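Colleague: Here the sequence shown stands for residues 1 to 179, where the numbers follow the UniProt record's numbering. C-beta atoms are modelled at their ideal positions from N, C-alpha and C, and glycine is treated no differently. Every value quoted in this text rests on a predicted model; they were computed, and no experiment measured them.
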Amino acid sequence: MKVLLDACVLYPTVLREILLCVAGQGLFTPLWSDRILEEWARAARKIGPEGEPQARAEVALVRANWPKASVQPRDADLARLWLPDENDVHVLAAALAGSADTLLTFNAKDFPRHTLSEEGLTREAPDQFLYDLWLSNAGAVEDCVNKVHATAQTMAGEPLAKRALLKRARLPRLGKALA
C-alpha cells in the first residue's frame, strides 16, 4: 500500500518516527514530494531559530533513507485538480503522481473524501491509520512505538508515559490500545 504523507504528519517528530519505522517494517510505502518536505522544514520554525536547520538535516536523512519515496506532481494534474484550499492541490497531485492508495493527513476539511475518491484515493488520519495497522500487525507497530518511546525518554532525560506521549503526538486511540 502506497501512502502519501502530508507535511502535517511529517513535522511532529514522534509521529514521523513511528510512521517511518512502521514503513521500514514493510507495512506501507511512504511517499512525499519536495514541496511537502520543504513545508515540513519551514513549519519547524515554530520551535525557534534552531528548528528549521534541524528539520533540514532531518529532511536530508529522510531523503537518504527513502530515496524512492519522492514523487513529483505532474503539471497537468496541478492544473486540473481542485481542493477547498488551492495551496493543497500539490499534495493531491503528488499522491496521484506516486499512485498512492491513501493520503495521510490531519487536514480533513481541505481534502474532501468525495474529491479524493474520484481520483481513486482515500484519506486517513494518522491515529486511525496506525490503529488499523496495529490491529493487523500488532507486533511490528508496537515495536516501533516502543523504540520511539525509548528515544523520547532518553532525549527528555526522564520517564515519559507512553500513552501521554502518543496523545501529544495526536495518536490517542493508538495510545489507549497500547497502554
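1. So, Asp101 versus Lys167, is the Cβ gap smaller than 7 Å?
2. Arg35 bridges to which residues according to DSSP?
3. How many angstroms separate the CA atom of Lys162 from the CA atom of Ala156?
4. For Val148 versus Val59, is the C-beta distance shorter than 7 Å?
5. Would Pro73 pass as a contact of Ala94 if the rule is Cβ separation under 7 Å?
6. Considering only the beta carbon of each residue, do Leu104 and Glu124 sit closer than 7 Å?
7. Kindly confirm or deny that the stretch 43-59 and the stretch 79-91 touch, where touching means at least three C-beta pairs closer than 8 Å.
8. To the nearest angstrom, how far is the alpha carbon of Pro159 from that of Ala97?
9. How about Gln25 and Ala152: are their beta carbons less than 7 Å apart?
10. Starting from Lys2 and walking both ways along the beta strand (DSSP E), at which residues does that stretch end?
11. Going by DSSP, what residues sit across from Glu124 in a beta bridge?
12. Measuring only the C-alpha atoms, how far is Thr154 from Asp143?
13. State buried or exposed for Arg16, treating a residue as buried only when at least 16 other CB atoms are found within 10 Å of its CB.
14. For Arg113 and Leu81, I'd like the C-alpha separation in whole angstroms.
15. Closest to residue 180 by CA distance: which of Leu116, Lys109, Asn65 is it?
16. From Val145, Leu37, Glu50, pick the residue whose C-alpha is nearest to that of Tyr131; which is it?
17. Figure out for me which residue from Lys176, Val91, Ala69, Ser70 has the closest Cα to the Cα of Leu78.
18. When you compare the CB positions of Asp127 and Arg173, do they come within less than 7 Å of one another, or not?
19. Which residue marks the beginning of the alpha helix (DSSP H) containing Ser117, and which one marks its end?
Modeller: Well, looking at it:
1. no
2. Per DSSP, none; premise fails for Arg35.
3. If I take the Cα positions, the gap works out to 13 Å.
4. no
5. In terms of Cβ geometry, Pro73 and Ala94 form a close pair [threshold 7 Å].
6. Closer than 7 Å, so yes.
7. no
8. 42 Å
9. In this structure, Ala152 does not lie closer than 7 Å to Gln25 by Cβ.
10. 2-5
11. According to DSSP, Glu124 bridges with Leu104.
12. Going by the C-alpha atoms only, they are around 17 Å apart.
13. buried
14. 14 Å
15. Residue 180 is absent from the model: the chain starts at 1 and stops at 179.
16. That would be Val145, whose Cα lies nearest to the Cα of Tyr131.
17. Selected option, being the one with the closest Cα: Val91.
18. yes
19. Per DSSP, Ser117 belongs to the alpha helix (DSSP H) from 113-118.
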